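A.B. asks: For the sequence shown, position 112 (counting from the first letter as 1) is numbered 111 according to numbering that gives the first Met the number 0, and the numbering increases by one without interruption. Let me begin by handing over the structure; questions about it come next.
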Amino acid sequence: MPFAADLLRTVQPQWEAMLAHPFLQHTAQGTLPPRRFETWLQQDYLFIRAEIGIIGSLLAQAPLELHRLVGQFIPALYSELALFEAVAKEHGISLEPLEPAPVCHAYSMFLLATAHTRSFIESFAVLFGVEKAYYEAWSQVRRRQTQPSPYQRLIDQWSGEAFATAVGEIEQALDQLGETCGEAERARMEELLRLTIRYEYLFWEMGLNGGEWPV
Numbered sequence: 000m001p002f003a004a005d006l007l008r009t010v011q012p013q014w015e016a017m018l019a020h021p022f023l024q025h026t027a028q029g030t031l032p033p034r035r036f037e038t039w040l041q042q043d044y045l046f047i048r049a050e051i052g053i054i055g056s057l058l059a060q061a062p063l064e065l066h067r068l069v070g071q072f073i074p075a076l077y078s079e080l081a082l083f084e085a086v087a088k089e090h091g092i093s094l095e096p097l098e099p100a101p102v103c104h105a106y107s108m109f110l111l112a113t114a115h116t117r118s119f120i121e122s123f124a125v126l127f128g129v130e131k132a133y134y135e136a137w138s139q140v141r142r143r144q145t146q147p148s149p150y151q152r153l154i155d156q157w158s159g160e161a162f163a164t165a166v167g168e169i170e171q172a173l174d175q176l177g178e179t180c181g182e183a184e185r186a187r188m189e190e191l192l193r194l195t196i197r198y199e200y201l202f203w204e205m206g207l208n209g210g211e212w213p214v
């Protein structure tokens, strides 16, 4: 089994729970309350802004042959921010000023700490988890749709061919990096990937049920 697919196999319970989250089901069925969409959009907008700096840190560690692959995510994320801004304007959603909710803050800090304190391959495995989770989640939404969604532009963004190609390139690179990965490093990657998917689940949970700071 390829390295990346085998890593995903080790976190299958968390992966299946993340894909089965009601937030995704409601989005596919067209029953997601507008207020819940607004919460998710605002928080994901903040998350993407933070991710740009995290990708920059990862790029600084990347081997030369992966500079293009890692670097291409920076302009892609800026394009996603522009899409969020356009969709927010269409739906009358404010994006300024915003404060990260606890889950958004914790997830961003987890990614930042990983990029600065772990090996490149460990951080790269986390990037794979983040992007693979988004592609699979939104592809599932698209497959289950029975009618066009008010949020179709976002669904199409993360289930489309361009994003699929980018995620596929990450997966192939991780397979190659994994050929020289030792058992201890592999175990750390499994732990980090499990945390990544748990955070993805919690992000959907926040979108559906809220999760503001209590004080």
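Beta carbons are placed, not taken as given, at the ideal position from N, Cα and C, and that holds for glycine. Values in this document were obtained by computation on a predicted structure and should not be read as measured data.
According to the neighbour-count rule (16 or more other Cβ atoms, all chains shown, within 10 Å of its Cβ), is Leu7 buried or exposed?
C.D. replies: Counting Cβ neighbours within 10 Å, Leu7 comes out buried, since at least 16 surround it.
A.B. asks: Within 10 angstroms of the Cβ of Met188, are there 16 or more other Cβ atoms? Answer buried if so, exposed if not.
C.D. replies: Met188 is buried by the Cβ-count criterion.
A.B. asks: Let's test the definition: count the other Cβ atoms within 10 Å of the Cβ of Met205 and tell me whether it reaches 16, buried, or not, exposed.
C.D. replies: It is buried - the Cβ of Met205 has at least 16 other Cβ atoms within 10 Å.
A.B. asks: What's the gap between the Cα of Thr38 and the Cα of Val102?
C.D. replies: One C-alpha to the other measures close to 12 Å.
A.B. asks: Would you kindly report the start and end of the unbroken alpha helix (DSSP H) that includes Ser122?
C.D. replies: Where Ser122 is concerned, the enclosing alpha helix (DSSP H) stretches over 119–143.
A.B. asks: Determine the DSSP secondary structure at Thr9, reduced to helix, strand or coil.
C.D. replies: Helix, per DSSP.
A.B. asks: Taking Ala105 as the reference, which of Leu65, Ala124, Thr195 has the closest Cα?
C.D. replies: Residue Thr195 is the option with its Cα nearest to Ala105.
A.B. asks: Quick test of your reading: Gly70 and Leu58, contact by CB under 8 Å. State the CB separation rounded to the nearest angstrom.
C.D. replies: About 5 Å; that satisfies the 8 Å criterion.
A.B. asks: Verify whether the separation of the beta carbon atoms of Ala85 and Gln42 is less than 7 Å.
C.D. replies: It is not a contact, given that the beta carbons lie outside the stated cut-off.
A.B. asks: Quick one, are the C-beta atoms of Leu76 and Glu168 less than 7 Å apart?
C.D. replies: Contact: no.
A.B. asks: Are the beta-carbon atoms belonging to Ile53 and Leu94 less than 7 Å from one another?
C.D. replies: It is not a contact, given that the beta carbons lie outside the stated cut-off.
A.B. asks: Restricting to runs no shorter than 3 residues, where is the beta strand (DSSP E) found entirely within the region 10–49?
C.D. replies: None, since the region 10–49 contains no complete beta strand (DSSP E) of that length.
A.B. asks: Would you be able to state if there are at least three C-beta pairs under 8 Å between the region 139–151 and the region 199–213?
C.D. replies: The region 199–213 vs the region 139–151: no contact.
A.B. asks: Buried or exposed: where does Leu173 fall if 16 or more other Cβ atoms within 10 Å of its Cβ makes it buried?
C.D. replies: The residue in question, Leu173, is buried, as its Cβ has 16 or more Cβ neighbours within 10 Å.
A.B. asks: In three-state DSSP terms, what is Tyr150?
C.D. replies: Correct three-state label for Tyr150: coil.
A.B. asks: Do Ser107 and Ala49 have their C-beta atoms closer together than 7 Å?
C.D. replies: Yes, these two residues count as a Cβ contact at 7 Å.
A.B. asks: Rounded to whole angstroms, what is the Cα-Cα separation between Ala114 and Ser56?
C.D. replies: Taking the straight line from one Cα to the other gives about 6 Å.
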